[in-house]
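Residue numbering for the sequence shown is 1134 to 1315, as defined by my numbering. A short worksheet on the structure shown next.
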Amino acid sequence: MIKVITMVGTSIFNNYLRKKRDIESSYETIKDRSYDDYEEYKNQAEGVRRAVVSFYKGGYAADICAEIKSINKIKEYLKQDLQIFLLASDTIASYMAAEIIKELLIQEGFEVNFNPEHNVLTGLQVKDKERFINEGLSKLIRRVDSIAQSIHDGLASGEDLNSGGSYYGNMIFNISGGYKAC
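Here it is as structure tokens:
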């Protein structure tokens, strides 16, 4: 099984808003808020999540967002089962997108790992350069390394590694969605 670390952005909401405008006000309220503020904006965030899930759950669309589209392309290309690890940036919107993507991918039979405690990367944001450099970027590197280490440790139990024992050999880092600093 190939492990795929996937950065999560907000294209799922942008694509939804091209079709329906019912969540626009709530989404604008939460989109740039830090994940630390989630409890304060939980009602708006949950309303956005419910609307998007309801819209897409009946008819799963492979091109719903960059993350799902790229995961499907990776699976099609490799013709292997994938274990997905979602990493969210430090915004309520990225967290909510990861929750929705997780739900939709599980519905399609993927194995998906997303635990906000470990996979929402505080400090990974664009508003504060120093916080990004000193906190966000280092958390991203540590989390990727932690996932790679757990994969490497799992190989000790007998799983074959195509690249001859490379620490990152059984892993893909999917950056099609997620954090993009301008």
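C-beta: ideal position from N, C-alpha, C; glycine also.
1. So, with DSSP's three-state summary, where would you put R1254?
2. According to DSSP, is Q1216 helix, strand or coil?
3. So, are the CB atoms of K1152 and I1280 less than 8 Å apart?
4. Name the residue from A1226, V1253, N1303, E1263 whose alpha carbon lies nearest to the alpha carbon of S1159.
5. With respect to the alpha helix (DSSP H) encompassing M1134, which residues constitute its N-terminal and C-terminal limits?
6. On the criterion of 16 or more Cβ atoms from any shown chain inside 10 Å, does M1134 qualify as buried, or is it exposed?
7. At what residues does the alpha helix (DSSP H) containing F1146 begin and finish?
8. Give the C-beta separation of L1254 and I1204 to the nearest angstrom, bearing in mind that I take them to be a contact with Cβ-Cβ under 8 Å.
Taking the definition as stated:
1. The sequence shown places Leu at residue 1254, rather than the Arg named in the question. Three-state result, L1254: coil.
2. The DSSP-derived three-state label of Q1216 is strand.
3. I1280 sits away from K1152, with the two beta carbons spaced by 8 Å or more.
4. Comparing Cα-Cα distances from S1159 to each of A1226, V1253, N1303, E1263, the minimum goes to A1226.
5. It is not in any alpha helix (DSSP H) - M1134 carries neither H nor E in the DSSP assignment.
6. Its Cβ having fewer than 16 others within 10 Å, M1134 is exposed.
7. 1144-1152 is the extent of the alpha helix (DSSP H) around F1146.
8. With a Cβ gap of about 19 Å, L1254 and I1204 do not count as contacting.
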